[in-house]
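Worksheet: the structure to be examined is printed underneath.
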Amino acid sequence: MRRSDGLFNQVDWLTILLYGLLILFGLVNIFAAIYDVDGTTSFFSFSHNAGKQMAFIAVAIIVATVILTLDYKIYDALSYPVWGVFIFFLIIVMIFAREVNGAKSWLELGPFRFQPSEFTKFATALAVAKYVSRPTFKMSRLKDAFILILLIGVPTLLIIAQGDMGTAMVFSIFILVLFREGMSPIPLILGIASAAIFLLALMVQNDFYFWIPTAGITILAIYVNRKSVKRMIVVLSIGFMVVGMYQSVGYAFDNLLKPHQQNRILVLLNPNADPLGAGWNVTQSKIAIGSGGLTGKGYLNGTQTKFDFVPEQSTDFIFCTIGEEQGWAGSMILIILFTTLLLRITQIAERQKWRFARVYGYSVATILFFHFAVNIGMTIGLFPVIGIPLPFFSYGGSSLISFTILVFILLALDANRMQRLAH
Amino acid sequence: MNRSRSYIIQGIFVLVSLLFAIRLFSLQVLDESYKAAADSNIIQQEIIYPFRGLIFDRNNELLVANKAMFDLLVIPKQVRVEDTLRFCNLIGISKTEFNEKINKAKSYSYVKASIFIKQISLEDFSSFEDILDEYSGFVLQPRTTRSYSFPILANALGYISEISKNELSKDTSNYYQSGDYIGKSGIESNYEKYLRGQRGKLYKIRNVRGIEKGQFKEGKYDTLAVPGLSITSTIDRELQEFAEKLMAGKSGSIVAIEPSSGEILSIVSAPSYQPGLLTGKPFSHNFKVISQDTLKPLFNRPLMAAYRPGSIFKIVQSLVAMQEGVINPFTRLKCNTNLIGCHNGVSHPFGTSENLVGAIKNSCNPYFYQVMRKMVMQNVEDSPHKDAQIGLDKWNKYVKNFGFGSPLGIDLPGEKGGLIPDSKYYDRAYGGRAWHYSNIYSLAIGEGENLVVPIQMANFTATVANRGYYYTPHLIKSIGENGKPLSKYLQKNYTGVDSTYFEVAVEAMAEVIKSGTGQYRAKLKNIEVCGKTGTVQNDPNPDHSVFIAFAPRNDPKIAVSVYVENAGQGARAAAAISGLLIEKYIKRDSATLYFEPYVLKGDFE
Numbered sequence: 286m287r288r289s290d291g292l293f294n295q296v297d298w299l300t301i302l303l304y305g306l307l308i309l310f311g312l313v314n315i316f317a318a319i320y321d322v323d324g325t326t327s328f329f330s331f332s333h334n335a336g337k338q339m340a341f342i343a344v345a346i347i348v349a350t351v352i353l354t355l356d357y358k359i360y361d362a363l364s365y366p367v368w369g370v371f372i373f374f375l376i377i378v379m380i381f382a383r384e385v386n387g388a389k390s391w392l393e394l395g396p397f398r399f400q401p402s403e404f405t406k407f408a409t410a411l412a413v414a415k416y417v418s419r420p421t422f423k424m425s426r427l428k429d430a431f432i433l434i435l436l437i438g439v440p441t442l443l444i445i446a447q448g449d450m451g452t453a454m455v456f457s458i459f460i461l462v463l464f465r466e467g468m469s470p471i472p473l474i475l476g477i478a479s480a481a482i483f484l485l486a487l488m489v490q491n492d493f494y495f496w497i498p499t500a501g502i503t504i505l506a507i508y509v510n511r512k513s514v515k516r517m518i519v520v521l522s523i524g525f526m527v528v529g530m531y532q533s534v535g536y537a538f539d540n541l542l543k544p545h546q547q548n549r550i551l552v553l554l555n556p557n558a559d560p561l562g563a564g565w566n567v568t569q570s571k572i573a574i575g576s577g578g579l580t581g582k583g584y585l586n587g588t589q590t591k592f593d594f595v596p597e598q599s600t601d602f603i604f605c606t607i608g609e610e611q612g613w614a615g616s617m618i619l620i621i622l623f624t625t626l627l628l629r630i631t632q633i634a635e636r637q638k639w640r641f642a643r644v645y646g647y648s649v650a651t652i653l654f655f656h657f658a659v660n661i662g663m664t665i666g667l668f669p670v671i672g673i674p675l676p677f678f679s680y681g682g683s684s685l686i687s688f689t690i691l692v693f694i695l696l697a698l699d700a701n702r703m704q705r706l707a708h
Numbered sequence: 023m024n025r026s027r028s029y030i031i032q033g034i035f036v037l038v039s040l041l042f043a044i045r046l047f048s049l050q051v052l053d054e055s056y057k058a059a060a061d062s063n064i065i066q067q068e069i070i071y072p073f074r075g076l077i078f079d080r081n082n083e084l085l086v087a088n089k090a091m092f093d094l095l096v097i098p099k100q101v102r103v104e105d106t107l108r109f110c111n112l113i114g115i116s117k118t119e120f121n122e123k124i125n126k127a128k129s130y131s132y133v134k135a136s137i138f139i140k141q142i143s144l145e146d147f148s149s150f151e152d153i154l155d156e157y158s159g160f161v162l163q164p165r166t167t168r169s170y171s172f173p174i175l176a177n178a179l180g181y182i183s184e185i186s187k188n189e190l191s192k193d194t195s196n197y198y199q200s201g202d203y204i205g206k207s208g209i210e211s212n213y214e215k216y217l218r219g220q221r222g223k224l225y226k227i228r229n230v231r232g233i234e235k236g237q238f239k240e241g242k243y244d245t246l247a248v249p250g251l252s253i254t255s256t257i258d259r260e261l262q263e264f265a266e267k268l269m270a271g272k273s274g275s276i277v278a279i280e281p282s283s284g285e286i287l288s289i290v291s292a293p294s295y296q297p298g299l300l301t302g303k304p305f306s307h308n309f310k311v312i313s314q315d316t317l318k319p320l321f322n323r324p325l326m327a328a329y330r331p332g333s334i335f336k337i338v339q340s341l342v343a344m345q346e347g348v349i350n351p352f353t354r355l356k357c358n359t360n361l362i363g364c365h366n367g368v369s370h371p372f373g374t375s376e377n378l379v380g381a382i383k384n385s386c387n388p389y390f391y392q393v394m395r396k397m398v399m400q401n402v403e404d405s406p407h408k409d410a411q412i413g414l415d416k417w418n419k420y421v422k423n424f425g426f427g428s429p430l431g432i433d434l435p436g437e438k439g440g441l442i443p444d445s446k447y448y449d450r451a452y453g454g455r456a457w458h459y460s461n462i463y464s465l466a467i468g469e470g471e472n473l474v475v476p477i478q479m480a481n482f483t484a485t486v487a488n489r490g491y492y493y494t495p496h497l498i499k500s501i502g503e504n505g506k507p508l509s510k511y512l513q514k515n516y517t518g519v520d521s522t523y524f525e526v527a528v529e530a531m532a533e534v535i536k537s538g539t540g541q542y543r544a545k546l547k548n549i550e551v552c553g554k555t556g557t558v559q560n561d562p563n564p565d566h567s568v569f570i571a572f573a574p575r576n577d578p579k580i581a582v583s584v585y586v587e588n589a590g591q592g593a594r595a596a597a598a599i600s601g602l603l604i605e606k607y608i609k610r611d612s613a614t615l616y617f618e619p620y621v622l623k624g625d626f627e
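Here the protein sequences line up with chains S and A, keeping their order.
So for the first sequence, our numbering puts the first residue at 286; every next one is plus one.
So for the second sequence, our numbering puts the first residue at 23; every next one is plus one.
Have a look at this one:
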């Protein structure tokens, strides 16, 4: 009893409060998304997504409670086995799964089915935390870096092989975690720079508009560094690399990406190019959100979502329902809730003395951030349409439960942080 | 160092959230276009076409009504036709037509309704309904077309048809939409804005598949169709029917006016067409046939055909000359056939002198040659050319006051003004060379450059009947139930000639019937008719037969002008028709109609 009293006092209630608010807000909006204006839709029915989501929430609460009551050391101890189990599941999925929406990611067990790729996120977070927290770990050592890449890369490649590009992209966010743990910022800067060059290459119509500024900046940089020949050579090489990358993007885009992936990127750059085809989702999603105004059309009064103009309304495009029915005010409440949660989790991570807990904490924050940024970004036309859910909000048992596990393991570790010190 | 990286990471979180907040503010609050886009996504306008106003005759007999027909609309996205060939056979189109129509509809919209087959008659409607039960994606939309109780008055009533692109682009009121029906001619065109009513609109909500999901905002913006105003015409259906019967097989026009009001009792343009031909689905075929007919049935002669007035113009000359004071009723002038030929040489041999009434009665050409000369050559200038210029312009002003030389302003489109020449006209015609009375004397007897349209002659007859004024002739006496005509038809127009002079003209016209040129066929028992014949030269073709008349002499009830083309002397066809119309109108069923067989036979030589 003393132990659970202690746990009750130690656990971070602010995070639990934010988690609870988001889940309730989400549930209410899933109901709005599936609400049928013609009939009488009962909130309490398992025949629709809102009813099912309530069942998932019940399961999530049980899972959360179990996670908090278990001995916190188990997470550290079971990191690698858990990772291994889900890698195994990923392989199983590839062999047995049925294809849904072009991706083989569902594993079916009787009436239940779940998406192992969702759970691989926290499993990989645990494994990375475990490996980085090894006393002998050194980022600059080739072998350590290699194993780290393996821990992240194996699930990523398996998920790509399933055809679920969106979920696979989530794993790229570990770069932010490693950055916090002392990795050189160069990969991060290079990553952002290449993304920028990639977008520029697709947006700029005439190559001269890219070459001339690039040449200008390079010459200026050489002039600034004119005292050191070595630096001048570095600058010049960077200049050539940028132009080279720019030139190769067109080739890569045309030859390496699948047509539907090309479309998603082109549509982002100009959704009006094909508003009834590839641009339909983004166009309709923006219309739904944009028509919400300052305070929205009112709960259950959304027209674009009700009449199916917006696709995947209760899952990936759930934000449209909030945008349309709750307007800018409602959207801001959601964004503030999420930002507060992200900052709170970052602070929790930062206050961990145990490196395992801290690395895991950062993984939680950055994984949630990636979903939040990409999901909302795609609904408002800032990011290509990538099918990943909005954490706690989107309908779906696997995603809800896996995000719950992700957060509550951190809360369990955090609640016990003083005991760890005592060791 | 790593702690500061924590701030960088948190900074990224906050930055992205700020970016979202700004982006959302611009999407949701600043940019209004998404609201419009959302509305156009879900709102489907459904038009309810109003009933067009009915047209009655002066005795409240229904002349023009509406009959139901249907447009077949298609919503391509909802179309489920498993056996296209069977469907095509059932609705009576070919498979290529079907594909063409579907593709046309698709190019307009997949989810909005567009017209598939136009103007399905009520008779075909029920079988279509049965067929459509089996197929989804097709809707029948009720429309109306015109129906006519009597096959008369086609030119005056006009017709309606679908608005053209040209008319649509000229519509400054922005009322019309493609697919609307609009009055194209006649009363339908002139009273379009009263007859058409107001379109109703329902705003329906539809989902992404085009399926209806109820009213938009509980029907807050819905409007009902307002039916058009029914209008009462001045036409006497019975008289009109009789007049058309008399004109059957002839070319020409009849206008009958009630002098005390300017109301047109009958207006005939011959040859004409059956008004029912220009309705519904056969419209385009029939219109092509009718408009290409060499007899020009669409040409509305009473308003558009400009003729030389002929001898009936002598009444005008008499009135003008008396008012100007160049003659008086007792002025006697020699029948000098050296000046101009006189067809009445038999009745007043060479050299006799008639007074004014006698000259009119016998239609003496030399008399009016001299009257016109007195009018034109008033010796106010030394130069005979300048003198003629001044005199002619004076004359022109008088004559125009009778409503000649410009359109009267009847409530039908396309009215012509005819021509009453003035000095400028001849200056231009003679290219600056001096012209004299000898050049223009044909005007004296209604020949020469004078041109009038039949409606003006009828109006002039009514003016004489009224002894000096007229109401502009019109066809509609009431807009809406117990309404009024347009206000301009309630004003008297004075000619500027004293009513005492009109009494002389009336006397002369009465004499014409009693013992003059028109006595024979326009004379009626118990009705004192006043009239004047005209035989309008039309070389090399046979003359036009012209007659104007009103009756009874005191308290006139009807004034008519009759033009029968190429039918010879006015005393024959036109006089007989005038007499018949007057008798029919005044005596109704007790009319004897003695000359009816003569007119119907149509041989006037």
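Every residue gets a Cβ at the ideal spot worked out from N, C-alpha and C, and that includes glycine.
Report all residues from its chain with a CB closer than 7 Å to the CB of residue i; omit the five preceding and five following residues, and keep chain order.
| i | result |
| --- | --- |
| V348 of chain S | I686, T689, I690 |
| C552 of chain A | V528, M531, A532, I535, A571, F572, A573, R575 |
| M530 of chain S | S479, I482 |
So does residue i have its beta carbon nearer than 7 Å to some heavy atom of the ligand PLP?
| i | result |
| --- | --- |
| L179 of chain A | What this structure holds is no ligand at all, so the ligand PLP is not there to describe. |
Hey, does residue i have any beta-carbon neighbour from chain S nearer than 8 Å?
| i | result |
| --- | --- |
| I501 of chain A | no |
| I31 of chain A | yes |
| S28 of chain A | yes |
| A16 of chain A | Outside the shown range of chain A, which is 23 to 627, sits residue 16 of chain A, and nothing can be said about it. |
| V133 of chain A | no |
| N125 of chain A | no |
| I227 of chain A | yes |
Quick one: is residue i near chain A, going by C-beta distance under 8 Å?
| i | result |
| --- | --- |
| T624 of chain S | yes |
| I661 of chain S | yes |
| Q589 of chain S | yes |
| F464 of chain S | yes |
| Y304 of chain S | no |
| G612 of chain S | yes |
| G311 of chain S | no |
| I717 of chain S | Any answer about residue 717 of chain S is impossible in this case: the structure gives chain S only from 286 up to 708. |
| L355 of chain S | no |
| I665 of chain S | yes |
According to DSSP, which residues form a beta bridge with residue i?
| i | result |
| --- | --- |
| T522 of chain A | The partner list for T522 of chain A (beta bridge, DSSP) is empty, contrary to what the question assumes. |
| S645 of chain S | Per the sequence presented here, residue 645 of chain S reads as Tyr, with Ser not at that position. Y645 of chain S is not bridged to any residue. |
| K126 of chain A | Answer is none; K126 of chain A lacks a bridge partner. |
| A486 of chain S | The partner list for A486 of chain S (beta bridge, DSSP) is empty, contrary to what the question assumes. |
Might you give, ordered along the chain, the residues of its own chain that have their beta carbon closer than 8 Å to the beta carbon of residue i, omitting 5 neighbours on each side?
| i | result |
| --- | --- |
| G219 of chain A | P72, F73, R74, G75, A247, V248, P249, G250, L251 |
| S171 of chain A | E83, L84, L85, V86, A87 |
Taking a cut of 9 Å between CB atoms, which residues from the stretch 569–580 of chain S lie near chain A?
Q569, K571, I572, A573, I574, G575, S576, G577, G578, L579
With 9 Å as the C-beta to C-beta threshold (strictly closer), list the residues of the stretch 617–647 of chain S near chain A in chain order.
So the close ones are M617, I620, I621, F623, T624, L627, L628, T631, Q632, A634, E635, Y647.
Between the stretch 515–523 of chain A and the stretch 342–355 of chain A, do at least 3 Cβ pairs fall closer than 8 Å?
yes
Is there contact between the stretch 580–600 of chain A and the stretch 223–232 of chain A, where contact requires at least three CB pairs shorter than 8 Å?
no
For the stretch 40–59 of chain A, list every residue whose C-beta sits within 8 Å of some C-beta in chain S, in sequence order.
L41, F42, A43, R45, L46, F47, L49, Q50, V51, D53, S55, Y56, K57, A59
Just checking, does the stretch 262–277 of chain A make contact with the stretch 287–294 of chain A on the three C-beta pairs under 8 Å criterion?
With three or more CB-CB distances shorter than 8 Å, the stretch 262–277 of chain A counts as touching the stretch 287–294 of chain A.
So, do the stretch 118–125 of chain A and the stretch 81–94 of chain A have three or more beta carbon pairs nearer to each other than 8 Å?
no
The stretch 614–624 of chain A in contact with the stretch 589–602 of chain A per 3-pair CB rule at 8 Å
yes
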